[in-house]
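Peer 1: Numbering (the working numbering), first residue to last: 12 to 244.
Beta carbons: idealized from backbone N, C-alpha and C, even for Gly.
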């Protein structure tokens, strides 16, 4: 009986010890997982606060201006318009100012940015340019929930500075394709591309390049707005 009691006592002690070790191992595993998740959350939080930004001077920010002068004979239209954010290729869907030194290459100017992503900026300029005509009942972004008669869908095909023949001449090219869609049947009632190229004057500094962007975009905006109003008068 004593031997049997000793045997069962040993089995019980071993079982308790194994359970204790397993429980400790499980707690350690849970603690490690918790620490990994904690550090991951902390990293994301600090990243959102720009703690890990590369040190250096902040980039200069630039914006373009809406069009405010139009043909005097523009018709007044009795419809409402929604302007969607333009579609753009990955290289242009950014707030960086693009430079195309070659047809197959795209670079960006260092130390300079648009105030927002280029498609978002063009959407804002389109809304303000339509409003500046004083010929339309209402115009707005898609996000405001406006119930419109027509939707303007656009695509940024070109929105960059370009070098010509490997020399010092820089041109700015802006090309936007536009489609007017009648609601609610979603029928395309008009489609056209608008393009303008402006040579950079008085040196190739970023300030002069942005001025050329403003001139090229202004021509495109003017022609696009006037075409829209005349097409659907």
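Output the distance between the C-alpha atoms of residue 201 and residue 188, rounded to the nearest integer angstrom.
Peer 2: Residue 201 sits at position 190 when you count from the first residue of the chain shown. Residue 188 sits at position 177 when you count from the first residue of the chain shown. Approximately 11 Å, taken between the alpha carbons.
Peer 1: Whose CA, out of 95, 147 and 238, lies closest to the CA of residue 166?
Peer 2: The residue you call residue 166 lines up with position 155 of the chain shown. Cα-wise, what sits closest to residue 166 is 95.
Peer 1: Taking the beta carbon of residue 112 as the centre, do at least 16 other beta carbons fall within 10 Å, making it buried, or is it exposed?
Peer 2: Here the question's residue 112 lines up with position 101 in the chain shown. When all chains shown are included, residue 112 counts as exposed.
Peer 1: In angstroms, rounded to a whole number, what distance separates the CA positions of residue 225 and residue 75?
Peer 2: By one-based count along the chain shown, residue 225 stands at place 214. By one-based count along the chain shown, residue 75 stands at place 64. Distance between the alpha carbons of residue 225 and residue 75: 5 Å.
Peer 1: Would you call residue 114 buried or exposed, if buried means 16 or more other Cβ atoms sit within 10 Å of its Cβ?
Peer 2: As a first step, residue 114 is located in the chain shown; it is residue number 103 there, counting from the start. Flag for residue 114 reads exposed.
Peer 1: How about residue 206 and residue 168: are their beta carbons less than 9 Å apart?
Peer 2: By 1-based counting over the chain shown, the position of residue 206 is 195. By 1-based counting over the chain shown, the position of residue 168 is 157. For residue 206 and residue 168, yes; Cβs fall inside 9 Å.
Peer 1: Is residue 211 helix, strand or coil by DSSP?
Peer 2: Locating residue 211 in the chain shown gives position 200, where the first residue counts as 1. Looking at residue 211 - three-state DSSP - the assignment turns out to be coil, as it is neither helix nor strand.
Peer 1: Taking all protein chains shown into account, do 16 or more other C-beta atoms lie within 10 angstroms of the C-beta of residue 79, making it buried, or fewer, making it exposed?
Peer 2: Position 68 of the chain shown holds residue 79. Exposed: under 16 other Cβ atoms inside 10 Å.
Peer 1: Would you mind sorting residue 237 into buried or exposed? The rule is 16 or more other CB atoms within 10 Å of its CB.
Peer 2: The sequence position of residue 237 within the chain shown is 226, counting from 1. It counts as buried.
Peer 1: From residue 86 to residue 234, what distance separates their C-alpha atoms?
Peer 2: Position 75 of the chain shown holds residue 86. Position 223 of the chain shown holds residue 234. Approximately 14 Å between the Cα atoms of the pair.
Peer 1: Residue 224 lies in the alpha helix (DSSP H); which residues open and close that run?
Peer 2: By one-based count along the chain shown, residue 224 stands at place 213. 217 to 242 is the extent of the alpha helix (DSSP H) around residue 224.
Peer 1: Indicate whether the contact test is met: 3 or more Cβ pairs, each with one atom in the region 203 to 218 and one in the region 178 to 188, closer than 8 Å.
Peer 2: Yes: the two stretches touch, three or more of their Cβ pairs being nearer than 8 Å.
Peer 1: Please classify residue 142: does DSSP put it in a helix, a strand, or coil?
Peer 2: Locating residue 142 in the chain shown gives position 131, where the first residue counts as 1. In the structure shown, residue 142 sits in a helix (DSSP, three-state: H, G or I).
Peer 1: Ordered along the chain, which non-local residues of its own chain (more than five positions away) have a Cβ less than 7 Å from that of residue 244?
Peer 2: As a first step, residue 244 is located in the chain shown; it is residue number 233 there, counting from the start. Here the set comprises 86 and 88.
Peer 1: Is the distance from the Cβ of residue 109 to the Cβ of residue 170 below 9 Å?
Peer 2: Numbered from its first residue, the chain shown carries residue 109 at position 98. Numbered from its first residue, the chain shown carries residue 170 at position 159. Taking 9 Å as the Cβ cut-off, residue 109 and residue 170 qualify as a contacting pair.
Peer 1: Runs of 3 residues minimum, wholly inside the region 89 to 120: which ones carry the beta strand (DSSP E) assignment?
Peer 2: Listed in chain order, they are 107 to 113.
Peer 1: Is it right to say residue 60 is buried, meaning 16 or more other beta carbons lie within 10 angstroms of its own, or is it exposed?
Peer 2: One-based indexing of the chain shown puts residue 60 at position 49. Because residue 60 carries a pLDDT of 43, less than 50, the predicted location of this residue cannot be relied on, and the following value inherits that uncertainty. Exposed: under 16 other Cβ atoms inside 10 Å.
Peer 1: Taking the runs of the beta strand (DSSP E) that are 3 residues or longer, which of them lie wholly in the region 154 to 200?
Peer 2: The region 154 to 200 contains these whole beta strand (DSSP E) runs: 161 to 174 and 181 to 193.
Peer 1: Taking residue 203 as the reference, which of 164, 209, 146 and 136 has the closest Cα?
Peer 2: By one-based count along the chain shown, residue 203 stands at place 192. When each option's Cα is compared against that of residue 203, the closest is 164.
Peer 1: Please work out which residues of its chain come closer than 6 Å, Cβ to Cβ, to residue 58, disregarding the five sequence neighbours upstream and downstream, and give them in chain order.
Peer 2: Walking along the chain shown from the start, residue 58 turns up at place 47. Bear in mind that the predicted position of residue 58 carries a pLDDT of just 47, short of 50, making it unreliable; the figure below should be weighed with that in mind. Result list for residue 58: empty, nothing under 6 Å.
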